[in-house]
Structure formats: C-alpha cells, structure tokens
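*Asks:* Numbering (this note's numbering), first residue to last: 72 to 490. Just so you know, even glycine gets a beta-carbon here, dropped at the ideal spot from N, CA and C. Here it is: the structure, laid out below.
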Ligand SMILES: Cc1ncc(COP(=O)(O)O)c(C=O)c1O
C-alpha cells in the first residue's frame, strides 16, 4: 500500500506499524479509523490521555480559551493560564498531600523534564554519576537515553552514553537486596563506582515490562538516599496522573521524592506539557539556565488545569480502584487460566500480561495484531517485547473494559491454539 506516510515519512515511524490504519476520530476510550471501524483503546496515547480522548469538559475549556483570543505562545512569561494552573495544582493536588515542591516548566516532552532533573541533581550535588534501574525507560535524548536501558534505543545514540550506573531492578534477583547493593557501591571504597548525585526510577516500571516497585523497596531506597545525601528522583511521566490509582505512583509507599518528573497526561487531553517538581531548597537554577521556546504552552496549561479538575471532581482515584478490581479479577480467572506459564501483574490501570515463558516478540506481535484486527489497540513492552501492556483510559466504562479484556483473552487463546 503506497501512501504519503510510507512514501515520505521517515523510516523511524513506529506505532503506525503496529496499528496500520488512519485514525480520524477519538472519543472517550474509543478510536475510530477513516473506514469507520472502532477500536477500544488500551494504549491511551502511551499514557497521554488518561482522562479519555476529547474529554468534553477539558475540550470545552480549550475551545473557550481559543475563542477568547487568549495568548497561545508566551514562553515562560506570566499569564492567567499559567497562574490558574499553578494555583490549582498547588491547592488541590500538592498541598492536600503535604507535598512542597516548586514547579519548573520544561520543554513539553517527558525527556525534557528528565534532562532538567539530571542537570539539576548534578548541579546541586556537584557529582556526575547517577544510578538508574535495569529495565528503565526515561526518554530518548542523550541524558535520559543514558538512563534508558533497552538496547535498541541506546543503539541510536551514536556516541557513548555515560554518567550512569545501572542497578538490577528488584524483580531481577528476588534473593538479593538491591538497595543494600546500592549502599555498598556508595560506601565501599573499593566498589569502583562514583557516588551518585541521584537515584532515578519509575515507581512502576512501565516500558521495562510493567513492574510495580514494592512498597518496602521504595521506602528502603528513600531511607538509603537520605543516609548518603543522594537525591531520589521519581519519573512519574507514564505511571503518574492517576494511572496507579493515586495521583502520583509513589504515593503507595508514602515516600516523598526530592524531584518528580511529569508529562504525558499532565497535559489534560494529550496536549504537550512537562514539569519538573523539585523540593524548594533544590531550586538553585540561575534565571534562564535551562530554557526552551515551548515551555508552558498556554493551551496545554488550560487543558492541564481542566485535567486536574477532572481528576478531582470525577474522583478518578475511586474510578481506578473499581476498574483495577475488574482487571485483577479478569487476570486471575480468564488470563492466567489460559496457560499456567502466563504471568500477570500491575497496579491501578497499568497491567502487563507476560508471555515470555511461552514465546517472545513473535508471539506477542501475533497477539497484538489479532487484537488490532478485532478492535483493540494495545502495545508490547519489556524484554523481547514479550509483555502485553494494558493501559486503558482511566474513564473507560466497565463494559468497554470487559470487552477489551475479552478481545485480548480470545487473541491469546486462539494464537496459542493455532501454533
Ligand atoms: C517513564 C517515562 N519517562 C520518560 C518518558 C519520555 O517521554 P517523552 O516520550 O515524552 O519524551 C517516557 C515515555 O514513554 C516514560 O514512559
């Protein structure tokens, strides 16, 4: 099929290869293609549309703002849209949780926020090295790519990626205490490893294969970082904004990171936006030391505030808890029973179906393709892409959720039976 995309768009394009159709509309949890076929969306724009596609409240706020000739592009100048967002975020999300952070508006993609966090951690501590976990995904620009672990992303760098020591994730060696291991690297004068400025991690490792970090692990890591004056940075770009059930994915553990990165669904309805939250005493930036033309895009700020209002007013946290129970039950009764080698794990509405004991990339690709043919969009993550990633919109209806889960179950069952 020769078309404008395949003829002229770079070979680097990727998701369109998994879902080869032209998507022309989207509402709630459903995408529609140019042929009028609908798909339940268990991908949610890689986590960018937690509150659903074209959420009517958020969309109206954006349309009202456009109609009012409000300023759209203002760099980081003061605007009502920015003031409203900051005030609402502080009063309704951060302060009720007792969280005291200053907000840095970075360039609008997640990797921008991660780059800012790395720079600031190195500037504050005067150290270069950073610890990250094996299985981590933190973005594709050079600093965050050095944290990211998958070989294919790293292969694109073209230069050595340095300044990072990768630590086994806790699920990799269950018999080993990997926080003790980090502490040994820091304290042993024969470890051969530089003391880090920070430990960076996802509270739920997403692209590494859907691994919620155990609560005790996060708590122990927080205490270890405190003992050694090492900053703890939680990258909540994918697992944040309600995805885990709480607004922040680390809240399960009751810890307070020194810095938090946010992007994706902070933009309300898929508008580009990214933030770095930092404890006030870490804010030692000089004015303009980390800038960017598209920081705090005004339409994104309007959508972002409306998205937070949806989170609060529609009680997204309770909605996620109810739907998490549906998914957990389905996993146990309908997915794990297909074959005892299938593992499932997740939290909130971020789940993985791990097919690695049955097959790798080829099997998961066949399942993904069958799901797509039958009206379900979902992606694959983890080692050898062997984990089906379930990330429905948080506002998905229970019926849509169950229908999507059923399509996935049938696809796995049928592909295994055909093999
Ligand atoms: C945890 C995490 N951090 C950072 C990023 C990078 O975000 P972006 O693709 O917007 O640069 C991602 C993207 O998937 C992510 O999942």
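Run the CB neighbour count on residue 245, radius 10 Å, all protein chains shown included, and call it buried at 16 or more, exposed below.
*Replies:* Position 174 of the chain shown, counted from the first residue, corresponds to residue 245. Result: exposed.
*Asks:* Compute the Euclidean distance between the alpha carbons of residue 190 and residue 474, then round it to the nearest angstrom.
*Replies:* Here the question's residue 190 lines up with position 119 in the chain shown. Here the question's residue 474 lines up with position 403 in the chain shown. Each residue's alpha carbon lies about 45 Å from the other.
*Asks:* Reducing DSSP to helix, strand and coil, say where residue 159 ends up.
*Replies:* In the chain shown, the residue the question calls residue 159 occupies position 88. Of the three classes helix, strand and coil, the one that applies to residue 159 here is helix, per DSSP.
*Asks:* Quick one: is residue 122 buried, meaning 16 or more other Cβ sit within 10 Å of its Cβ, or exposed?
*Replies:* As a working mapping, residue 122 is identified with position 51 in the chain shown. When all chains shown are included, residue 122 counts as buried.
*Asks:* Below 8 Å CB to CB, which residues in the same chain sit around residue 267 once its five sequence neighbours on both sides are set aside?
*Replies:* Your numbering for residue 267 matches position 196 in the chain shown. 198, 200, 201, 202, 236, 257, 301, listed in sequence order.
*Asks:* For a test of your reading of the model: does the CB of residue 309 fall under 6 Å from any non-hydrogen atom of ligand 1? Yes or no.
*Replies:* Taking the chain shown and counting its residues from 1, one reaches residue 309 at position 238. Residue 309 Cβ: within cutoff of ligand 1.
*Asks:* Measuring CA to CA, which of 446, 447, 410 is closest to residue 430?
*Replies:* Counting from 1 along the chain shown, the entry for residue 430 is found at position 359. Residue 430 has its Cα closest to that of 410, out of 446, 447, 410.
*Asks:* Give the straight-line distance between the Cα atoms of residue 455 and residue 432, rounded to the nearest whole angstrom.
*Replies:* Counting from 1 along the chain shown, the entry for residue 455 is found at position 384. Counting from 1 along the chain shown, the entry for residue 432 is found at position 361. Cα to Cα, residue 455 sits roughly 5 Å from residue 432.
*Asks:* Rounded C-beta distance between residue 353 and residue 332? I'm assuming under 8 Å.
*Replies:* Residue numbering aside, residue 353 sits at position 282 when the chain shown is read from its first letter. Residue numbering aside, residue 332 sits at position 261 when the chain shown is read from its first letter. At roughly 13 Å, the Cβ-Cβ gap does not stay under 8 Å, so residue 353 and residue 332 are not in contact.
*Asks:* Is the beta carbon of residue 195 less than 7 Å from the beta carbon of residue 418?
*Replies:* If you number the chain shown from 1, residue 195 lands on position 124. If you number the chain shown from 1, residue 418 lands on position 347. Against a cut-off of 7 Å, the Cβ pair of residue 418 and residue 195 comes out as no contact.
*Asks:* Pull up the DSSP beta-bridge partners for residue 331, would you.
*Replies:* Working through the chain shown from its first residue, we reach residue 331 at position 260. BP columns for residue 331 point to 305, 348.
*Asks:* For residue 420 and residue 319, I'd like the C-alpha separation in whole angstroms.
*Replies:* Residue mapping note: residue 420 aligns to position 349 of the chain shown, counting from 1. Residue mapping note: residue 319 aligns to position 248 of the chain shown, counting from 1. When rounded, the distance between both Cα atoms is 13 Å.
*Asks:* So if DSSP puts residue 425 in a beta bridge, which residue, or which two residues, is it bridged to?
*Replies:* If you number the chain shown from 1, residue 425 lands on position 354. DSSP lists 414, 458 as partners of residue 425.
*Asks:* On a CA-only basis, which of 451, 98, 367 is nearest residue 128? Give me that one, please.
*Replies:* Indexing the chain shown from 1 puts residue 128 at position 57. Closest by alpha carbon: 98.
*Asks:* Taking 6 Å as the limit between beta carbons, can you name the residues of its chain near residue 159, skipping five residues before and five after?
*Replies:* Translated into positions along the chain shown, residue 159 becomes position 88. Contacts found: 376, 379.
*Asks:* Please indicate yes or no: does the CB of residue 423 lie closer than 6 Å to some heavy atom of ligand 1?
*Replies:* If you number the chain shown from 1, residue 423 lands on position 352. False, no ligand heavy atom lies under 6 Å from that Cβ.
*Asks:* Where are the alpha helix (DSSP H) runs, 4 residues long or more, that stay fully inside the stretch 122-205, in chain order?
*Replies:* You should have 127-138, 151-160, 181-196.
*Asks:* State the Cα-Cα distance for the pair residue 313 and residue 370, rounded to the nearest angstrom.
*Replies:* In the chain shown, the residue the question calls residue 313 occupies position 242. In the chain shown, the residue the question calls residue 370 occupies position 299. Their backbone Cα atoms lie some 21 Å apart in a straight line.
*Asks:* Between the beta-carbon of residue 280 and the beta-carbon of residue 452, is there less than 7 Å?
*Replies:* As a working mapping, residue 280 is identified with position 209 in the chain shown. As a working mapping, residue 452 is identified with position 381 in the chain shown. Yes. Within cutoff.
*Asks:* Give a yes or no on whether the C-beta atoms belonging to residue 210 and residue 181 are separated by under 7 Å.
*Replies:* Start at 1 with the first residue of the chain shown, and residue 210 comes out as number 139. Start at 1 with the first residue of the chain shown, and residue 181 comes out as number 110. In this structure, residue 181 lies closer than 7 Å to residue 210 by Cβ.
*Asks:* Can you say whether residue 285 is buried or exposed, counting buried as having 16 or more other CB atoms within 10 angstroms of its CB?
*Replies:* Taking the first residue of the chain shown as 1, we reach residue 285 at position 214. That one is exposed.
*Asks:* Go to residue 432, then tell me how far its alpha helix (DSSP H) extends in each direction, as first and last residue.
*Replies:* The residue given as residue 432 occupies position 361 in the chain shown. Per DSSP, residue 432 belongs to the alpha helix (DSSP H) from 432-444.
*Asks:* Closer than 6 Å to a non-hydrogen atom of ligand 3 - does that hold for the CB of residue 118?
*Replies:* Ligands displayed in this structure: ligand 1; ligand 3 is not among them.
*Asks:* Residues in the same chain with beta-carbon distance under 7 Å from residue 324, minus the five sequence neighbours each way, listed in chain order, please.
*Replies:* Position 253 of the chain shown, counted from the start, is the residue given in the question as residue 324. Same-chain partners within the cutoff: 286, 289, 290.
*Asks:* Determine the DSSP secondary structure at residue 108, reduced to helix, strand or coil.
*Replies:* Taking the chain shown and counting its residues from 1, the one referred to as residue 108 is at position 37. Coil, per DSSP.
*Asks:* For residue 107, I'd like the list of residues in its chain whose CB is within less than 8 Å of its CB, leaving aside the five on either flank, ordered along the chain.
*Replies:* Indexing the chain shown from 1 puts residue 107 at position 36. Result list for residue 107: empty, nothing under 8 Å.
*Asks:* Can you tell me the Cβ-Cβ gap for residue 425 and residue 406, rounded? I've got them flagged as a contact below 8 Å.
*Replies:* Numbered from its first residue, the chain shown carries residue 425 at position 354. Numbered from its first residue, the chain shown carries residue 406 at position 335. Actually they are not in contact, since the Cβ atoms of residue 425 and residue 406 sit about 10 Å apart, beyond 8 Å.
*Asks:* Which term fits residue 270, buried or exposed, when burial requires 16 or more other beta carbons within 10 angstroms of its beta carbon?
*Replies:* The residue labelled residue 270 in the question sits at position 199 within the chain shown. Result: buried.
*Asks:* When DSSP labels each residue in this structure, what does residue 469 get in the three-state scheme?
*Replies:* Working through the chain shown from its first residue, we reach residue 469 at position 398. Reduced to three states, the DSSP call for residue 469 is helix.
*Asks:* Return the chain-ordered list of same chain residues with a C-beta closer than 6 Å to the C-beta of residue 171, the five sequence neighbours on each side being excluded.
*Replies:* Start at 1 with the first residue of the chain shown, and residue 171 comes out as number 100. Nothing listed; no residue qualifies.
*Asks:* How far does the alpha helix (DSSP H) with residue 258 in it extend, from its first residue to its last?
*Replies:* Reading the chain shown from its first residue, position 187 is the one you call residue 258. From DSSP, the alpha helix (DSSP H) with residue 258 extends over 249-258.
*Asks:* According to the neighbour-count rule (16 or more other Cβ atoms, all chains shown, within 10 Å of its Cβ), is residue 357 buried or exposed?
*Replies:* Indexing the chain shown from 1 puts residue 357 at position 286. Result: exposed.
*Asks:* Within 10 Å of its beta-carbon, does residue 131 have 16 or more other beta-carbons around it, so buried, or fewer, so exposed?
*Replies:* Position 60 of the chain shown, counted from the start, is the residue given in the question as residue 131. Exposed, since its Cβ has fewer than 16 Cβ neighbours within 10 Å.
*Asks:* Run through the DSSP bridge pairs and tell me what residue 275 is partnered with.
*Replies:* Taking the first residue of the chain shown as position 1, residue 275 is located at position 204. Beta-bridge pairing links residue 275 to 283.
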